[in-house]
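Using the numbering used here, you'd call the opening residue of the sequence shown number 167 and step up by one each time.
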Amino acid sequence: YKMARQFFVGGNFKMNGTLSSIKSIVSALNDAKLDSNTEVVIAPPSLYLIPTRDHLRKDVEVAAQNVYDKPSGAFTGEIAVDQLKDANVNWAILGHSERRTLMGETDEFVASKTAHATDSGIKVIFCCGESLEEREANQTVDVVTRQIAAVTKQTKNWDQIVIAYEPIWAIGTGKVATSEQAQEVHAAIREWLKKNVSEEVAEKVRVIYGGSVSAKNCKELAQCADIDGFLVGGASLKPEFADIINAKI
Ligand SMILES: O=C(COP(=O)(O)O)NO
167 YKMARQFFVG GNFKMNGTLS SIKSIVSALN DAKLDSNTEV VIAPPSLYLI PTRDHLRKDV
227 EVAAQNVYDK PSGAFTGEIA VDQLKDANVN WAILGHSERR TLMGETDEFV ASKTAHATDS
287 GIKVIFCCGE SLEEREANQT VDVVTRQIAA VTKQTKNWDQ IVIAYEPIWA IGTGKVATSE
347 QAQEVHAAIR EWLKKNVSEE VAEKVRVIYG GSVSAKNCKE LAQCADIDGF LVGGASLKPE
407 FADIINAKI
């Protein structure tokens, strides 16, 4: 059965911004005309989650860019899911390729964080994606399904997960995946979920694309059957972010 999946756009600010620059992004978003059918979540650096939540329009959610997989205690530098909930933050981005490569986060660790967060009522944007070498070696689907398989070993909370396919070679490079390239992987992810989880989960889960998304390329990508939205980096810091949110109108 063909489910209508709600279009979803996340803004990953990464390690960018100051209190004042983020406040001006928030006020620009507050003034923007946004498609009410699009679910929007923005992820400033954790230091700015509370002021962002306090000033941001209520129809846009905030997300942390990471969270730990233990409830609380002697984990210097980490943030707990209960602390996110304490700050009215209901989302977390997990497994971003920058954390997998730069911070050495393994498939199992990302899956453990995904299980812990969703068990505690935090919704998760779960990132997966291949390197250029892996794509050139035709390992793309093997890589992303291996990353997703690790999650199926630790949780069944798929109603609280949005999958973000972000080919590493497209992140921050301006080299956006073509609609064919993105649609092919999104469809393969949905097919894998249908075989290994359930048809219902495969139909319901949003699979969003990230990697050099812009106001220019978002409309064509949004037309693809299995692309349910975007996870936007650089462009989420610019006024064109509203155009990406409105890609379907
Ligand atoms: O990493 C990304 C994409 O970043 P860019 O849009 O800057 O390519 N999203 O999490």
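Cβ atoms here follow ideal geometry from the backbone N, Cα and C, with glycine treated the same way.
These numbers were taken from a predicted model, which means no experiment stands behind them.
Taking the Cβ atom as the reference point for each residue, do Gly177 and Ile216 lie within a distance shorter than 9 Å?
-> Working through the sequence shown from its first residue, we reach residue 177 at position 11. Working through the sequence shown from its first residue, we reach residue 216 at position 50. Not in contact: Gly177 and Ile216 (Cβ atoms no closer than 9 Å).
Run the proximity test for His419: is its beta-carbon closer than 8 Å to any non-hydrogen atom belonging to ligand 1?
-> Outside the displayed range of the chain (167 to 415) lies residue 419, so it cannot be described from this structure.
Ala209 by DSSP, collapsed to three states: which one?
-> If you number the sequence shown from 1, residue 209 lands on position 43. Strand at Ala209.
What beta strand (DSSP E) runs, 3 residues minimum, are completely inside the segment 233-280?
-> Within the segment 233-280, complete beta strand (DSSP E) segments of at least 3 residues are found at 257-260, given in chain order.
Report yes if the C-beta distance between Pro333 and Thr311 is below 9 Å; otherwise report no.
-> The residue labelled residue 333 in the question sits at position 167 within the sequence shown. The residue labelled residue 311 in the question sits at position 145 within the sequence shown. It is not a contact, given that the beta carbons lie outside the stated cut-off.
Tell whether a beta-carbon distance below 9 Å holds between Val276 and Leu260.
-> Counting from one through the sequence shown, the residue named residue 276 turns up at place 110. Counting from one through the sequence shown, the residue named residue 260 turns up at place 94. Yes.
Which residues have a Cβ closer than 6 Å to any heavy atom of ligand 1, listed in chain order?
-> My final list is Asn178, His262, Glu332, Ile337, Gly338, Gly376, Gly377, Ser378, Val379, Leu397, Val398, Gly399, Gly400 and Ala401.
Under the three-state DSSP convention, the category Ile314 falls into | For the purposes of this step, residue 314 is taken as the residue at position 148 of the sequence shown. In the structure shown, Ile314 sits in a helix (DSSP, three-state: H, G or I).
Asn178 - containing beta strand (DSSP E), residue span | Translated into positions along the sequence shown, residue 178 becomes position 12. DSSP places Asn178 in the uninterrupted beta strand (DSSP E) bounded by Phe174 to Asn178.
Cβ atoms of Glu205 and Val175: under 9 Å apart, would you say?
-> Along the sequence shown, one-based indexing puts residue 175 at 9. Along the sequence shown, one-based indexing puts residue 205 at 39. Going by C-beta atoms, Val175 is nearer than 9 Å to Glu205.
Buried versus exposed, by CB contacts within 10 Å (16 or more), Arg223 = Your numbering for residue 223 matches position 57 in the sequence shown. Arg223 should be labelled exposed.
In angstroms with no decimal places, state the Cα-to-Cα distance between Asp325 and Asn182.
-> Residue 325 sits at position 159 when you count from the first residue of the sequence shown. Residue 182 sits at position 16 when you count from the first residue of the sequence shown. In this model, Asp325 and Asn182 are separated by some 30 Å (Cα to Cα).
Could you pull out every residue in the same chain whose Cβ sits closer than 7 Å to the Cβ of Ser238, ignoring the five residues on either side in sequence?
-> One-based indexing of the sequence shown puts residue 238 at position 72. Answer for Ser238: Ala246 and Asp248, listed in chain order.
Residue environment, Pro210, which counts as buried when at least 16 other CB atoms sit within 10 Å = Indexing the sequence shown from 1 puts residue 210 at position 44. In this structure Pro210 is buried. Its beta-carbon is surrounded by 16 or more other beta-carbon atoms within 10 angstroms.
Which residue's Cα is closest to the Cα of Gly340: Ser380, Glu357 and Ile288?
-> Residue 340 sits at position 174 when you count from the first residue of the sequence shown. Minimum Cα distance to Gly340 is reached at Ser380.
What are the boundary residues of the alpha helix (DSSP H) that Ile188 is part of?
-> As a position in the sequence shown, residue 188 is number 22, starting the count at 1. According to the DSSP assignment, Ile188 belongs to the alpha helix (DSSP H) that extends over Leu185 to Asp197.
Could you check the C-alpha separation between Tyr167 and Glu369 for me, to the nearest Å?
-> Here residue 167 refers to the residue found at position 1 of the sequence shown. Here residue 369 refers to the residue found at position 203 of the sequence shown. Because Tyr167 sits at a pLDDT of 48, beneath the cut-off of 50, its placement in the model cannot be relied upon, and the following sentence gives the value as read from the coordinates. Approximately 8 Å between the Cα atoms of the pair.
Which one of Phe179, Ser212, Gly243 and Phe173 has the shortest CA to CA distance from Leu200?
-> In the sequence shown, residue 200 corresponds to position 34, counting from 1. The residue with the shortest Cα to Cα distance from Leu200 is Phe173.
Using the rule of at least 16 other Cβ atoms within 10 Å of the residue's Cβ for burial, across every protein chain shown, is Thr267 buried or exposed?
-> Taking the sequence shown and counting its residues from 1, one reaches residue 267 at position 101. By the neighbour-count definition (other C-beta atoms within 10 Å, threshold 16), Thr267 is an exposed residue.
Name the residue from Val342, Asp308, His282 and Glu227 whose alpha carbon lies nearest to the alpha carbon of Lys236.
-> What you label residue 236 is simply residue 70 of the sequence shown in a count that begins at 1. The residue with the shortest Cα to Cα distance from Lys236 is His282.
The alpha helix (DSSP H) spanning Glu227 covers which residue range?
-> Along the sequence shown, read from residue 1 onward, the residue named residue 227 stands at position 61. Not the alpha helix (DSSP H): Glu227 falls in the beta strand (DSSP E), residues Val226 to Ala230.
With Ala229 and Ile291 assumed to form a contact (beta carbons below 8 Å), what rounded beta-carbon distance in angstroms separates them?
-> As a position in the sequence shown, residue 229 is number 63, starting the count at 1. As a position in the sequence shown, residue 291 is number 125, starting the count at 1. In this structure Ala229 touches Ile291 by the C-beta definition: roughly 7 Å separates them, less than 8 Å.
In three-state terms, what does DSSP make of Cys384?
-> Residue mapping note: residue 384 aligns to position 218 of the sequence shown, counting from 1. It is helical.
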